[in-house]
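A.B. asks:
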Amino acid sequence: MDLENKFSYHFLEGLTLTEDGILTQGNEQIYIPPKELGVLIVLLESAGHVVLKDMIIESVWKNIIVSDESLTRCIYSLRCIFEKIGYDRCIETIYRKGYRFSGQVFKTKINEDNTSDYSIAIFPFTTSLNTLDPLILNQELVQNISDKKIDGLYTYPMAATNFCNDHISQNSFLRRFKPDYFVTGRINQNNAVKTLYIELIDAKNLFLIASNHLPVDELHNTSQFIIDNILQTVHNPERSVRLAKPDQGYKNHYLSDELLAGKKELYEFTPESIYRAMAIFDGLQNKSDIQTLKIECYCLLAECHMSLALHGKYELELAAQKALELLHYVSDITNVDGKILAIMGLITGLSGQAKVSHILFEQAKIHTTDIASLYYYRALVNFHNERIEEARICIDKSLQLEPRRRKAVVIKECVDMYVPNPLKSNMKLYYKETSSESHRVIIDNILKLKQLTRICMR
Numbered sequence: 001m002d003l004e005n006k007f008s009y010h011f012l013e014g015l016t017l018t019e020d021g022i023l024t025q026g027n028e029q030i031y032i033p034p035k036e037l038g039v040l041i042v043l044l045e046s047a048g049h050v051v052l053k054d055m056i057i058e059s060v061w062k063n064i065i066v067s068d069e070s071l072t073r074c075i076y077s078l079r080c081i082f083e084k085i086g087y088d089r090c091i092e093t094i095y096r097k098g099y100r101f102s103g104q105v106f107k108t109k110i111n112e113d114n115t116s117d118y119s120i121a122i123f124p125f126t127t128s129l130n131t132l133d134p135l136i137l138n139q140e141l142v143q144n145i146s147d148k149k150i151d152g153l154y155t156y157p158m159a160a161t162n163f164c165n166d167h168i169s170q171n172s173f174l175r176r177f178k179p180d181y182f183v184t185g186r187i188n189q190n191n192a193v194k195t196l197y198i199e200l201i202d203a204k205n206l207f208l209i210a211s212n213h214l215p216v217d218e219l220h221n222t223s224q225f226i227i228d229n230i231l232q233t234v235h236n237p238e239r240s241v242r243l244a245k246p247d248q249g250y251k252n253h254y255l256s257d258e259l260l261a262g263k264k265e266l267y268e269f270t271p272e273s274i275y276r277a278m279a280i281f282d283g284l285q286n287k288s289d290i291q292t293l294k295i296e297c298y299c300l301l302a303e304c305h306m307s308l309a310l311h312g313k314y315e316l317e318l319a320a321q322k323a324l325e326l327l328h329y330v331s332d333i334t335n336v337d338g339k340i341l342a343i344m345g346l347i348t349g350l351s352g353q354a355k356v357s358h359i360l361f362e363q364a365k366i367h368t369t370d371i372a373s374l375y376y377y378r379a380l381v382n383f384h385n386e387r388i389e390e391a392r393i394c395i396d397k398s399l400q401l402e403p404r405r406r407k408a409v410v411i412k413e414c415v416d417m418y419v420p421n422p423l424k425s426n427m428k429l430y431y432k433e434t435s436s437e438s439h440r441v442i443i444d445n446i447l448k449l450k451q452l453t454r455i456c457m458r
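Mind the numbering: the sequence shown is residues 1 to 458 in full-length UniProt numbering, read in order.
This is the structure we're talking about:
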């Protein structure tokens with residue numbers, strides 16, 4: 001029979017059958033010969049229904065005259081193959097009629113380079129929580145995206161991705177089915193709050209398009225976040241990492257690892273680690289011609305300058321000017337970027353432009369992909385303006401989303417040093433003494449920001 005080369009078949013037990021006759025379960029692969037494959041495809045196309053013997057023979061052997069014994073041998077061979085991998089009794093014999101495939105199977109699309117459509121795979125989320133089944137969240141997210149019926153967007157069903165729970169199985173899926181995008185996720189819990197951290201990744205270049213933290217009970221927002229970022233990438237090619245050369249996929253993967261290493265240094269939030277982060281980001285923006293990577297590096301360099309100022313290593317006004325120079329550069333190559341808006345909100349907020357800062361933060365909230373950093377920036381601005389309770393709320397939200405970022409931990413400790421003053425009625429708050437010299441330096445430098453004149457936004 002003529003096989004459609006755009007589709008594959010997936011079974012709930014983690015089995016996958018592709019048009020080349022390869023039946024896969026985990027790392028095990030079994031080759032199904034052409035005639036047996038033809039018989040199996042006919043049965044799968046009518047799964048759950050009886051297929052007459054004559055119909056199978058006509059579809060597979062076409063005009064060649066064969067006896068029932070040829071079909072019987074193929075059925076026997078198929079049963080042996082499925083029994084070998086523990087999937088027995090899936091092909092039933094219906095007396096004097098034919099055969100029926102009784103297992104549950106899903107037919108899915110294999111993406112091709114020459115199609116104008118785009119596809120997405122949602123890989124199983126990971127979690128260390130015993131009280132939550134991540135596959136339930138996966139199923140709901142897949143359903144939410146499918147229900148939105150976005151033109152041209154194909155979502156792989158859970159039957160295709162259910163068992164892609166490690167790098168080996170995920171990479172195997174990407175090689176064989178070639179989706180345009182894929183999503184990975186991690187479920188965390190901080191106190192009683194459960195959050196889902198997701199990453200939307202360009203499958204062709206293995207490059208991060210967007211990431212976000214959202215409550216696990218707001219999957220409708222998660223699905224909309226994924227769709228919005230896909231549509232922005234599709235309709236605004238300059239945002240897409242597909243501007244990179246086709247042979248740069250692995251190189252971009254390593255550059256992403258370097259970017260992650262730089263972020264870890266920045267999040268460690270010591271003067272020494274921030275200097276190391278600056279060296280990494282500066283080197284990265286010279287290595288890559290991918291706009292999204294260069295923009296992120298410049299924004300992170302701007303944050304590094306402001307962070308060093310908080311540690312007393314830079315004059316605050318000079319740090320703000322250097323940060324603005326970096327942002328002016330990237331603003332020439334992109335119109336709206338959440339990272340730029342967020343860091344500009346931080347700089348203007350720390351330079352006394354409260355209204356401008358608020359507007360920038362509100363716009364950043366719409367476009368940013370790093371909500372934890374946005375809350376962190378807002379906490380710093382609120383701290384600077386002595387809105388201590390608002391600063392505490394923001395830094396707590398940042399830590400709920402990313403509890404391991406030491407920079408947020410340090411700022412929370414600084415914020416928590418502010419307590420009600422029981423002695424002076426005209427002063428609502430004061431900060432208590434601390435044995436940590438670094439915390440005292442940061443607090444003093446935040447207070448010194450009051451002395452900065454307004455910085456002109458050229």
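Beta carbons: idealized from backbone N, C-alpha and C, even for Gly.
Since Y329 contacts Y298 with CB under 8 Å, what's their CB separation in whole angstroms?
C.D. replies: The count along the sequence shown starts at 1 and reaches residue 329 at position 329. The count along the sequence shown starts at 1 and reaches residue 298 at position 298. Confirmed, Cβ separation roughly 6 Å.
A.B. asks: Within the continuous alpha helix (DSSP H) that includes A391, where are the two ends?
C.D. replies: Your numbering for residue 391 matches position 391 in the sequence shown. That run of the alpha helix (DSSP H) goes 388-401.
A.B. asks: Along the chain, where does the beta strand (DSSP E) that runs through F269 open and close?
C.D. replies: Translated into the one-based positions of the sequence shown, residue 269 becomes position 269. Taken as a continuous stretch (DSSP letters only), F269 belongs to no beta strand (DSSP E), as it is neither H nor E.
A.B. asks: Name the one or two DSSP bridge partners that G98 has.
C.D. replies: Counting from one through the sequence shown, the residue named residue 98 turns up at place 98. G98 is bridged to L52, I94.
A.B. asks: When burial is assigned at 16 or more other CB atoms within 10 Å of the CB, is Y95 buried or exposed?
C.D. replies: Numbered from 1 along the sequence shown, position 95 holds the residue referred to as residue 95. So Y95 counts as exposed.
A.B. asks: Under the assumption that G338 contacts F361 (Cβ atoms under 8 Å), give the Cβ distance between them as a whole number of angstroms.
C.D. replies: Here residue 338 refers to the residue found at position 338 of the sequence shown. Here residue 361 refers to the residue found at position 361 of the sequence shown. So it is not a contact: roughly 10 Å between Cβ atoms.
A.B. asks: What residues in its chain sit with their C-beta under 6 Å from that of R186, if we drop five residues either side in the sequence?
C.D. replies: Your numbering for residue 186 matches position 186 in the sequence shown. Cβ neighbours of R186 beyond the five flanking positions: T126, Y197.
A.B. asks: Run through DSSP, which three-state label would L71 get?
C.D. replies: Translated into positions along the sequence shown, residue 71 becomes position 71. If DSSP states are grouped into helix, strand and coil, L71 belongs with the helices.
A.B. asks: Let me know the secondary structure DSSP gives L214 once reduced to three states.
C.D. replies: Stepping through the sequence shown from its first residue, residue 214 is reached at position 214. DSSP places L214 in strand when its eight states are reduced to three.
A.B. asks: With distances taken between CB atoms, is the gap from K407 to F269 smaller than 8 Å?
C.D. replies: Position 407 of the sequence shown, counted from the first residue, corresponds to residue 407. Position 269 of the sequence shown, counted from the first residue, corresponds to residue 269. Result yes, Cβ atoms of K407 and F269 sit closer than 8 Å.
A.B. asks: Using three-state DSSP, classify N188 as helix, strand or coil.
C.D. replies: Counted from its first residue, the sequence shown places residue 188 at position 188. The answer is strand: DSSP assigns N188 an E or B state.
A.B. asks: Measure the Cβ-Cβ separation of A210 and N188 and say whether it is below 8 Å.
C.D. replies: The residue labelled residue 210 in the question sits at position 210 within the sequence shown. The residue labelled residue 188 in the question sits at position 188 within the sequence shown. Cβ atoms of A210 and N188: not closer than 8 Å.
A.B. asks: Measure the beta-carbon distance from L308 to I274 and round it to whole angstroms, keeping in mind my assumption that it falls under 8 Å.
C.D. replies: Position 308 of the sequence shown, counted from the first residue, corresponds to residue 308. Position 274 of the sequence shown, counted from the first residue, corresponds to residue 274. Going by Cβ atoms, the distance from L308 to I274 rounds to 6 Å, so yes, they are a contact pair.
A.B. asks: Would you check if the distance between the CB atom of G262 and the CB atom of L300 is smaller than 8 Å?
C.D. replies: By one-based count along the sequence shown, residue 262 stands at place 262. By one-based count along the sequence shown, residue 300 stands at place 300. Cβ atoms of G262 and L300: closer than 8 Å.
A.B. asks: For V216, which of N138, F207, D282, T18 has the nearest alpha-carbon?
C.D. replies: Taking the first residue of the sequence shown as position 1, residue 216 is located at position 216. Comparing Cα positions, the closest option is N138.
A.B. asks: Pick helix, strand or coil for I446, following the three-state DSSP scheme.
C.D. replies: Here residue 446 is taken as the residue at index 446 of the sequence shown, counted from 1. Correct three-state label for I446: helix.
A.B. asks: Inspect the beta-carbon positions of F123 and C164 and report whether they are closer than 8 Å.
C.D. replies: On the sequence shown, position 123 is the one that residue 123 refers to. On the sequence shown, position 164 is the one that residue 164 refers to. A distance below 8 Å separates the beta carbons of F123 and C164.
A.B. asks: Taking the straight line between their C-alpha atoms, what separation do you get for V60 and G103?
C.D. replies: Here residue 60 corresponds to residue number 60 of the sequence shown, with the count starting at 1. Here residue 103 corresponds to residue number 103 of the sequence shown, with the count starting at 1. When rounded, the distance between both Cα atoms is 21 Å.
A.B. asks: Figure out for me which residue from E296, S70, Y9, N27 has the closest Cα to the Cα of L43.
C.D. replies: What you label residue 43 is simply residue 43 of the sequence shown in a count that begins at 1. Ranking the options by Cα distance to L43, first place goes to Y9.
A.B. asks: Using a Cβ distance threshold of 8 Å, determine whether the region 69-77 contacts the region 14-30, with at least three qualifying pairs required.
C.D. replies: no
A.B. asks: By Cβ distance below 8 Å, which residues in the same chain neighbour D416 in space, the five residues on each side in sequence not counted?
C.D. replies: Numbered from its first residue, the sequence shown carries residue 416 at position 416. R392.
A.B. asks: Which same chain residues end up closer than 7 Å to K35 when comparing Cβ atoms and leaving out the 5 residues on each side of it in sequence?
C.D. replies: Reading the sequence shown from its first residue, position 35 is the one you call residue 35. Taken in chain order, the residues that qualify are V60, C74.
A.B. asks: So which of D282, L293, I168 has the shortest CA-CA distance to H305?
C.D. replies: On the sequence shown, residue 305 is found 305 positions in, with the first residue counted as 1. If we check each option's Cα against that of H305, D282 comes out closest.
A.B. asks: Does the distance from the C-beta atom of V409 to that of L401 stay below 8 Å?
C.D. replies: By 1-based counting over the sequence shown, the position of residue 409 is 409. By 1-based counting over the sequence shown, the position of residue 401 is 401. Result no, Cβ atoms of V409 and L401 do not sit closer than 8 Å.
A.B. asks: Quick one: is A192 buried, meaning 16 or more other Cβ sit within 10 Å of its Cβ, or exposed?
C.D. replies: Here residue 192 refers to the residue found at position 192 of the sequence shown. Burial call: exposed.
A.B. asks: Can you give the Cα-Cα distance for L447 and G312, rounded to whole angstroms?
C.D. replies: Taking the first residue of the sequence shown as 1, we reach residue 447 at position 447. Taking the first residue of the sequence shown as 1, we reach residue 312 at position 312. If I take the Cα positions, the gap works out to 12 Å.
A.B. asks: Tell me whether F125 sits in a helix, a strand or coil according to DSSP, three-state version.
C.D. replies: To locate residue 125, count along the sequence shown from 1; it is residue 125. Coil.
A.B. asks: Quick check: the Cα distance between F383 and F225, rounded to an integer number of angstroms?
C.D. replies: As a working mapping, residue 383 is identified with position 383 in the sequence shown. As a working mapping, residue 225 is identified with position 225 in the sequence shown. Using only the alpha carbons, I get a separation of about 30 Å.
A.B. asks: Can you give me the start and stop residues for the alpha helix (DSSP H) that Q104 sits inside?
C.D. replies: Position 104 of the sequence shown, counting from 1, holds the residue named residue 104. First-last for Q104: undefined, no H or E at that position.
A.B. asks: With which residues is L17 paired in a DSSP beta bridge?
C.D. replies: The residue labelled residue 17 in the question sits at position 17 within the sequence shown. The partner list for L17 (beta bridge, DSSP) reads Y9, L23.
A.B. asks: Looking only at C-alpha atoms, which of L310, T233, P157 sits nearest to N445?
C.D. replies: If you number the sequence shown from 1, residue 445 lands on position 445. The closest CA to that of N445, considering only L310, T233, P157, is found on L310.
A.B. asks: Residues in its own chain within less than 6 Å of R79 by CB, not counting five upstream and five downstream?
C.D. replies: Walking along the sequence shown from the start, residue 79 turns up at place 79. The residues are I91.
A.B. asks: Tell me where the beta strand (DSSP E) around Q29 begins and ends.
C.D. replies: Taking the sequence shown and counting its residues from 1, one reaches residue 29 at position 29. Residues 28-31.
A.B. asks: From N171, N205, L260, pick the residue whose C-alpha is nearest to that of R405; which is it?
C.D. replies: As a first step, residue 405 must be located in the sequence shown, where it is residue number 405. The option with the nearest alpha carbon to R405 is L260.
A.B. asks: Just to check my reading of the structure: A354 and A323 have Cβ atoms closer than 8 Å, yes? What is that Cβ distance to the nearest angstrom?
C.D. replies: On the sequence shown, position 354 is the one that residue 354 refers to. On the sequence shown, position 323 is the one that residue 323 refers to. Wrong, their Cβ atoms sit about 18 Å apart, outside the cutoff.
A.B. asks: Sort E315, I150, N205, T108 by Cα distance to L293 and report the nearest one.
C.D. replies: Locating residue 293 in the sequence shown gives position 293, counting from the first residue. When only C-alpha atoms are compared, the closest one is N205.
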